[in-house]
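Just so you know, the protein sequences line up as chains W and U, in that order.
First residue of the first sequence? That's 21 in the working numbering, and the numbers climb one at a time after it.
First residue of the second sequence? That's 21 in the working numbering, and the numbers climb one at a time after it.
Note that beta-carbon positions come from the ideal geometry of N, C-alpha and C, so glycine has one too.
2 protein chains.
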Amino acid sequence: MRQSKLFTKARKEAPADEVAKNAKLLIRAGFVDKLQAGVYTYLPLGLRVLKNIENIIREEMNGAGGQEILMPSLHPKEFWQTTGRWDTMDDLYKVSDASGRENALGPTHEEIVVPLVKQFVSSYRDLPFATYQFQNKFRMELRAKSGILRGREFIMKDMYSFHRDEADLVAYYEMMKGVYARVFERVGLGERTYLTFASGGSFSKYSHEFQTVTPAGEDTIYVCDTCRVAVNKEIIADQSTCPSCESGDLHEETAIEVGNIFDLKTKFSDPFKLTYKDEEGKEQPVVMGCYGIGLGRILGTVVEVLGDDKGLVWPRAIAPFAMHLVEISSANTAVHEEAEKLYRELSGQGVEVLWDDREARAGEKFAESDLMGIPLRVVISEKTLTEGKFEIKDRATGEVSMVNRAELIKMCAMK
Amino acid sequence: MRQSKLFTKARKEAPADEVAKNAKLLIRAGFVDKLQAGVYTYLPLGLRVLKNIENIIREEMNGAGGQEILMPSLHPKEFWQTTGRWDTMDDLYKVSDASGRENALGPTHEEIVVPLVKQFVSSYRDLPFATYQFQNKFRMELRAKSGILRGREFIMKDMYSFHRDEADLVAYYEMMKGVYARVFERVGLGERTYLTFASGGSFSKYSHEFQTVTPAGEDTIYVCDTCRVAVNKEIIADQSTCPSCESGDLHEETAIEVGNIFDLKTKFSDPFKLTYKDEEGKEQPVVMGCYGIGLGRILGTVVEVLGDDKGLVWPRAIAPFAMHLVEISSANTAVHEEAEKLYRELSGQGVEVLWDDREARAGEKFAESDLMGIPLRVVISEKTLTEGKFEIKDRATGEVSMVNRAELIKMCAMK
Numbered sequence: 021m022r023q024s025k026l027f028t029k030a031r032k033e034a035p036a037d038e039v040a041k042n043a044k045l046l047i048r049a050g051f052v053d054k055l056q057a058g059v060y061t062y063l064p065l066g067l068r069v070l071k072n073i074e075n076i077i078r079e080e081m082n083g084a085g086g087q088e089i090l091m092p093s094l095h096p097k098e099f100w101q102t103t104g105r106w107d108t109m110d111d112l113y114k115v116s117d118a119s120g121r122e123n124a125l126g127p128t129h130e131e132i133v134v135p136l137v138k139q140f141v142s143s144y145r146d147l148p149f150a151t152y153q154f155q156n157k158f159r160m161e162l163r164a165k166s167g168i169l170r171g172r173e174f175i176m177k178d179m180y181s182f183h184r185d186e187a188d189l190v191a192y193y194e195m196m197k198g199v200y201a202r203v204f205e206r207v208g209l210g211e212r213t214y215l216t217f218a219s220g221g222s223f224s225k226y227s228h229e230f231q232t233v234t235p236a237g238e239d240t241i242y243v244c245d246t247c248r249v250a251v252n253k254e255i256i257a258d259q260s261t262c263p264s265c266e267s268g269d270l271h272e273e274t275a276i277e278v279g280n281i282f283d284l285k286t287k288f289s290d291p292f293k294l295t296y297k298d299e300e301g302k303e304q305p306v307v308m309g310c311y312g313i314g315l316g317r318i319l320g321t322v323v324e325v326l327g328d329d330k331g332l333v334w335p336r337a338i339a340p341f342a343m344h345l346v347e348i349s350s351a352n353t354a355v356h357e358e359a360e361k362l363y364r365e366l367s368g369q370g371v372e373v374l375w376d377d378r379e380a381r382a383g384e385k386f387a388e389s390d391l392m393g394i395p396l397r398v399v400i401s402e403k404t405l406t407e408g409k410f411e412i413k414d415r416a417t418g419e420v421s422m423v424n425r426a427e428l429i430k431m432c433a434m435k
Numbered sequence: 021m022r023q024s025k026l027f028t029k030a031r032k033e034a035p036a037d038e039v040a041k042n043a044k045l046l047i048r049a050g051f052v053d054k055l056q057a058g059v060y061t062y063l064p065l066g067l068r069v070l071k072n073i074e075n076i077i078r079e080e081m082n083g084a085g086g087q088e089i090l091m092p093s094l095h096p097k098e099f100w101q102t103t104g105r106w107d108t109m110d111d112l113y114k115v116s117d118a119s120g121r122e123n124a125l126g127p128t129h130e131e132i133v134v135p136l137v138k139q140f141v142s143s144y145r146d147l148p149f150a151t152y153q154f155q156n157k158f159r160m161e162l163r164a165k166s167g168i169l170r171g172r173e174f175i176m177k178d179m180y181s182f183h184r185d186e187a188d189l190v191a192y193y194e195m196m197k198g199v200y201a202r203v204f205e206r207v208g209l210g211e212r213t214y215l216t217f218a219s220g221g222s223f224s225k226y227s228h229e230f231q232t233v234t235p236a237g238e239d240t241i242y243v244c245d246t247c248r249v250a251v252n253k254e255i256i257a258d259q260s261t262c263p264s265c266e267s268g269d270l271h272e273e274t275a276i277e278v279g280n281i282f283d284l285k286t287k288f289s290d291p292f293k294l295t296y297k298d299e300e301g302k303e304q305p306v307v308m309g310c311y312g313i314g315l316g317r318i319l320g321t322v323v324e325v326l327g328d329d330k331g332l333v334w335p336r337a338i339a340p341f342a343m344h345l346v347e348i349s350s351a352n353t354a355v356h357e358e359a360e361k362l363y364r365e366l367s368g369q370g371v372e373v374l375w376d377d378r379e380a381r382a383g384e385k386f387a388e389s390d391l392m393g394i395p396l397r398v399v400i401s402e403k404t405l406t407e408g409k410f411e412i413k414d415r416a417t418g419e420v421s422m423v424n425r426a427e428l429i430k431m432c433a434m435k
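(1) May I have the straight-line CA-CA distance separating Arg-415 of chain U from Arg-31 of chain U, to the nearest angstrom?
(2) Per DSSP, which residues does Gln-304 of chain W bridge with? Please list them.
(3) Among U:Ile-318, U:Gly-370 and U:Phe-154, which has the Cα closest to the Cα of Gly-210 of chain U?
(4) Compare the Cα-Cα distances from Gly-498 of chain W to each of W:Ser-142, W:Asn-280, W:Arg-248 and W:Arg-202 and report the closest residue.
(5) Taking the alpha carbon of Ala-354 of chain W as the point to measure from, which residue in W:Pro-340, W:Val-346, W:Glu-402 and W:Leu-332 has its own alpha carbon closest?
(6) Taking DSSP as the reference, what is the three-state secondary structure of Leu-391 of chain W?
(7) Quick one, are the C-beta atoms of Ala-43 of chain W and Gly-126 of chain W less than 7 Å apart?
(8) Counting Cβ pairs, one atom from each stretch, are 3 or more of them under 8 Å apart for the region 309-329 of chain W and the region 356-376 of chain W?
(9) If you draw a straight line from the alpha carbon of Lys-330 of chain U to that of Val-398 of chain U, how long is it in whole angstroms?
(10) What are the boundary residues of the beta strand (DSSP E) that Trp-375 of chain W is part of?
(11) Phe-140 of chain U by DSSP, collapsed to three states: which one?
(12) Closest by CA to His-344 of chain W, which one among W:Glu-303, W:Lys-361, W:Ile-412 and W:Glu-365?
(13) Can you find a CB in chain U that lies within less than 7 Å of the CB of Ile-89 of chain W?
(14) Rank W:Gly-312, W:Lys-385 and W:Asn-156 by C-alpha distance to the C-alpha of Glu-173 of chain W and give the top, closest one.
(15) Please tell me whether Arg-68 of chain W and Pro-395 of chain W are closer than 7 Å, where the distance is taken between their beta carbons.
(16) If we ignore side chains and look at the alpha-carbon of each, how far apart do Leu-284 of chain W and Val-307 of chain W end up?
(17) Measure the Cβ-Cβ separation of Phe-182 of chain W and Pro-135 of chain W and say whether it is below 7 Å.
(18) At 3 residues or longer, what runs of the beta strand (DSSP E) sit wholly inside the region 124-177 of chain U?
(19) Could you please give the first and the last residue of the uninterrupted alpha helix (DSSP H) stretch that includes Ser-367 of chain W?
(20) Short of 7 Å in beta carbon distance, which residues of its chain neighbour Thr-61 of chain W, apart from the five on each side in sequence? Order them along the chain.
(21) Can you give me, in chain order, the residues of the region 106-124 of chain W that have a beta carbon less than 9 Å from any beta carbon in chain U?
(22) With contact counted as at least three CB pairs below 8 Å, one residue from each stretch, are the region 277-296 of chain W and the region 224-241 of chain W in contact?
(23) Pick helix, strand or coil for Lys-287 of chain U, following the three-state DSSP scheme.
(24) Could you give the uninterrupted runs of the alpha helix (DSSP H) lying entirely in the region 390-432 of chain W, keeping only those of 4 residues or more?
(25) Beta-carbon within less than 7 Å of Glu-303 of chain U's beta-carbon, same chain only, minus the 5 sequence neighbours each way: which residues are those?
(26) State the DSSP-derived secondary structure class of Gly-4 of chain U, mapped to helix, strand or coil.
(27) Could you say which of W:Cys-265, W:Glu-357, W:Gly-85 and W:Thr-28 lies nearest to Arg-145 of chain U if we only look at CA atoms?
(28) Taking the DSSP output, what are the residues bridged to Ala-257 of chain W?
(29) Mind listing the chain U neighbours of Phe-288 of chain W? Cutoff is C-beta to C-beta under 9 Å, in chain order.
(30) Would you say the beta carbon of Asn-72 of chain W comes nearer than 6 Å to a heavy atom of the ligand SAM?
(31) Given that Ile-132 of chain W touches chain U, what residues does it touch there, using C-beta distances under 9 Å?
(32) Could you name the residues of chain W that Val-137 of chain U contacts, counting a contact when the two beta carbons are closer than 7 Å?
(33) Taking beta-carbon pairs under 8 Å, can you tell me which members of the region 147-173 of chain U lie near chain W?
(34) Flag Leu-189 of chain W as yes if its beta-carbon sits less than 7 Å from any beta-carbon of chain U, otherwise no.
(35) Look up Phe-386 of chain W in the DSSP assignment and say whether it is helix, strand or coil.
(36) So, using beta-carbon positions, are Gln-153 of chain W and Met-91 of chain W closer together than 7 Å?
Quick look at the structure:
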């Protein structure tokens, strides 16, 4: 894409009303816009990152046998009364229509997915399966001040699995731990993300969170130095050793929850009477698990963890573009022509290139390029033209090298 | 995909509470589920169709220079007060948070996109551009009885274009007529869809709708037999000739509006003071156009127009799968093995195949296959195995032919 055509622009100053690093950088770089506290617009650059994260999660959920659907946001009150959560969930948005019928704006979808699948499940032969969606959630956060990490409106991947018994759920649940670890690895958070034991599980005494260590986190976790898992605050209050290897070497960290998995057992099957007939024709309750990841939260966490004093730093797998082609032409048409030639060649090979074809000072262009955080920056100027080489900078390491055309094309082809 | 793994199932009976053909067929075939009037879940098969429609629209909008973004649903009351629509729009859902702050649930996004782009537009050099989104809209329809044609919650593609003057808008607007015609052509509605003159334009006295002729339509249009455009009811009340060729040969049809384009001029730029500086440094109002398409409405209209007494009929470009591979095995493992071999071969070549690998009677399988409407049905049975040929049926024409493996693979490769 030609940067001169992009309708958004980077800003010199961070917005005064944002305290979170993720929001400050994303707004300055033109990736998101704040409509109100906890409610953001994804601009063209930010949406490209969000879609890359979505596609990685989709591949992994499909790989885990998940079937994608899309459920609505307007949930009839009765469904939420069935589970009792109409009255107990504090952050539920409620909306009435002209006839006075009340709806919840869905903050999660157990109340919708269970009656839905009930229509299709009658026999043990219909189990197991899992279904998921990417969908916009609403939660009435009163103090939304963490940028896109904690929104009043946010896109989540929520998956629900359905099983004939606890053993089948446990096997799936254990597999999903690996699937989740792979998602966080692929989006660039692998190194700092820990499987974290939390309370609230139905079988064992644990449920599991995935926590990424960052000073921006609102949670405290205790990382086991021996086996690379962690426990949360509630668990550490009950025990001082690692639940996985029993080591006592746990150190405290600040972290943010980027995903969670729950063994719901029959918590939602029971109120909706979701049952199946077993081999003997006996009605049995369906056993459930659920698995959530917030897409904006992953995006914001990557900014918190990898962003530096110059701006955003995107891992290649989720970057809005693979390469930022910066021409420093100032009326030199040969430079502009060379830039266009390279842009067309790389684009033709399927490399996603943002071409800064604007007339602006070199210093300003470089500062903006650092702010936007595209993994590779290539400079074409009178100097590089004379030398017959391209100047390449790796945004993450800051390393600069001069390469010829063949080397450049090879670097772009690598994933 | 193996049909035995699909968690949804076709139903023998249409739901009793639906009157619309689109909803009856889509629910029976397991493509959508009704949560409440005007609020539907897209099931795996239905979501595949919706995504195909989305991708066609995305390609065309990107081709028209549109930059994709994603705006939120929670709109602060003040923005809607600025245009006066907080009080005048009857079907606006309103929701309050715990602190009493009021929000609209966005039914359209002029109130959001104009203040958004105002941050980035200052000079004539920043114009023109267009931005669009695929986003979930809310409208408080009191009588939602047209299935997915008219929802209380529905996904829309809404694009907004920004120009320095009327001439530039008119040029873009005229180009968009062609882009829209191509979208309807590609999703399979080309033949029956008419550019329809409606009232409400700012420059000329016209705005434009795209209307698809079907008995399910809620609108009446008058089609010009000479030049293939139409006029709506309001226009025909004022004039009895075609506004395009001045012919008087107009015939009445029932139709559904599948898209619309408006020249907004400065209707929304004015209240938000969206201006730019021209070459002389003088402040000028930005001139706007907007362009909408409802995705569920396209999907439902295709069902209304193409569906027959046996069920759904999908055009190949938006079909959930290209081929329905139906094995009639009843304990014949050679048939099952041959089906699996073909399934793997075609899938490996990127052909989207739904393989009915379930144990069921042939008649039931054929009826369900017709109901689901996948363009090509291939039957593998003892008979076809003996003959060394495959039986292929074209769902739309009902034509059956026997082909060998090479011919079959060639048919699948054709788009």
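According to the structure shown:
(1) 19 Å
(2) W:Tyr-296
(3) U:Ile-318
(4) Chain W is shown from 21 up to 435; residue 498 of chain W falls before or after that span and cannot be answered.
(5) W:Glu-402
(6) helix
(7) no
(8) no
(9) 17 Å
(10) 373-376
(11) coil
(12) W:Ile-412
(13) yes
(14) W:Asn-156
(15) no
(16) 7 Å
(17) no
(18) 149-158
(19) 353-368
(20) Val-52, Asp-53 and Leu-55
(21) Asp-110, Asp-111, Tyr-113, Lys-114, Val-115, Ser-116, Asp-117, Ala-118, Ser-119, Arg-121 and Asn-123
(22) yes
(23) coil
(24) 402-407
(25) Thr-295 and Lys-297
(26) Nothing in the structure corresponds to residue 4 of chain U, since chain U is present only between 21 and 435.
(27) W:Thr-28
(28) According to DSSP, Ala-257 of chain W bridges with nothing at all.
(29) Those do not exist, as Phe-288 of chain W stays about 16 Å from chain U at its closest Cβ, beyond 9 Å.
(30) In terms of ligand content, the structure shown is empty, and the ligand SAM therefore cannot be addressed.
(31) Leu-55 and Thr-61
(32) Phe-27
(33) Phe-149, Thr-151, Asn-156, Phe-158, Met-160, Leu-162, Arg-172 and Glu-173
(34) no
(35) helix
(36) yes
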